[in-house]
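Below you'll find the structure, written out as structure tokens, and then a few comments.
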Amino acid sequence: MPNALILGSNTAVGAYLARLLHARGTAVFGVASPGGGDGITALGIADSVNAIGFAVAIDLAARLPDATLFAVNSGDPTTAEQAAELYAAASADARLCHIADADALRQSPLLLDQARAIAALRRDHGRRAVNAILHAHDSRLGPADGLPARITLAAWRAANGWAPATPLALVETGPRDWGWTAEYVDAIARLAALDRPIDLAIGSGHRIDTGTMVNEAFGFFKLRPEGHVTVSPGAAVTEPDIDTARLKAATGWSASTWGRDLVHALCEGAAARAADQ
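For the record, in the sequence shown the residue sitting at position 152 is 150 according to the numbering used here, with numbers rising by one throughout.
In structure tokens:
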């Protein structure tokens, strides 16, 4: 049986990844990251993941057969330090997958240095090591202060008769590539398993702007956003296009939940998300 060790198994990405790998017959060992939430419990998969401490993870990294070591790296010092230690302890034949959000990578020199170190392990030492760079994504396990979360929560509350004292004020910064976390973990798993490891950016290849997201969320509940949300024009934010053709050619994966479908999927999970807050 293949083995997977996930640093950050309690995060949204880590928990969805753990669920997917377990369903595919992989023995999953998970190490919680500080402040990463409790995605394992939220998904009801505590019995499917072997929860371990970091010291045990270091020991397992050196001796687990047929192992892939995943690190969901937010860039905070503790997680970054643990990721570096985990990879240093890994057996020579272990697969290494470093997972980071593109936004965090742009803002954190520490995270960027670690991504470069992973690439160097592959380039200079022949290790099966990859960087999975995730563009904007969300799920019911995602951060409560994220844009989709704020919008879908406002729509769900409106549908349940809650009237805000002041509308949620948002700024339109232009279309952005958004995807579903629960779907992106399939791309991560496929990337980590490649015979010829490469670094890849993971995204849907489809963009949606704030105003459209608002209208779709309220439309899901057959409501209008007036009185609940305002969207004011702001400076456009540009982000690089994602090479989805390269992503699909390498992994066979492409997103199926984006735009309107993504917003509706998030609205379907809005009640559970509200209960978690």
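Where is the CB? At the ideal position from N, CA and C, for every residue including glycine.
Anyone know if the C-beta pair for Ala13 and Leu151 falls short of 9 Å? no
Out of Ala65, Ala233, Gln112, Leu245, state which residue places its alpha-carbon closest to the alpha-carbon of Glu79. Gln112
Beta-carbon within less than 7 Å of Val183's beta-carbon, same chain only, minus the 5 sequence neighbours each way: which residues are those? Val11, Tyr14, Leu15, Leu18
Quick one: complete beta strand (DSSP E) runs, 3+ long, within the segment 190 to 251? 198 to 200, 227 to 231
Distance between Gly203 and Ile240 (C-alpha atoms, nearest Å): 6 Å
Arg258, DSSP secondary structure in three states: helix
Let me check understanding here. Comparing Cα to Cα, which of Asn1, Ala234, Gly140, Asn158 lies closest to Lys220? Asn158
Is Asp101 helix, strand or coil by DSSP? helix
Pick from Leu41, Ile186, Phe216 that is closest to Arg258, judged by C-alpha positions: Phe216
Assuming contact is defined by CB atoms lying nearer than 9 Å, are Ala86 and Asn71 in contact in what I supplied? no
Secondary structure of Asp175, DSSP reduced to three states: strand
Which residues in the same chain as Ile116 place their Cβ atom closer than 6 Å to its Cβ, once the five residues preceding and following it in sequence are excluded? His96, Ala127, Asn129
Span separating the alpha-carbon of Lys246 from that of Pro165: 41 Å
For Glu181, which of Thr255, Ile131, Thr9, Pro75 has the nearest alpha-carbon? Thr255
Spell out a yes or no on whether the segment 29 to 48 and the segment 1 to 8 are touching, meaning 3 or more CB-CB pairs, one atom from each, closer than 8 Å. yes
In the DSSP output, which residue or residues are listed as bridge partners for Thr66? Ala2, Arg93
Output the distance between the C-alpha atoms of Pro162 and Ala153, rounded to the nearest integer angstrom. 11 Å
Taking the alpha-carbon positions, what's the Ala190 to Ala2 distance? 11 Å
At what residue ranges does the segment 0 to 57 contain a whole run of the beta strand (DSSP E), taking only runs of 3 or more? 1 to 5, 25 to 29, 47 to 49
Measuring straight from C-alpha to C-alpha, what distance separates Arg188 and Arg222? 40 Å
Would you list the one or two residues that DSSP bridges to Glu170? Pro231
Residue closest to Ile186, alpha-carbon to alpha-carbon, out of Ala92, Ile149, Ala98, Gly23: Ala98
Within this structure, are the beta carbons of Ala88 and Ala60 separated by less than 9 Å? yes
Where does Ser230 land, buried or exposed, given buried means 16+ other C-beta within 10 angstroms? exposed
What residues match up with Ile131 in a beta bridge as DSSP calls it? Ala98, Ala199
Should Trp178 go down as buried or exposed, given a rule of 16 or more other Cβ atoms within 10 Å for buried? buried
What do you reckon, is the C-beta of Asp193 under 8 Å from a heavy atom of the ligand FMN? The model on display carries no ligand, and the ligand FMN is accordingly not part of it.
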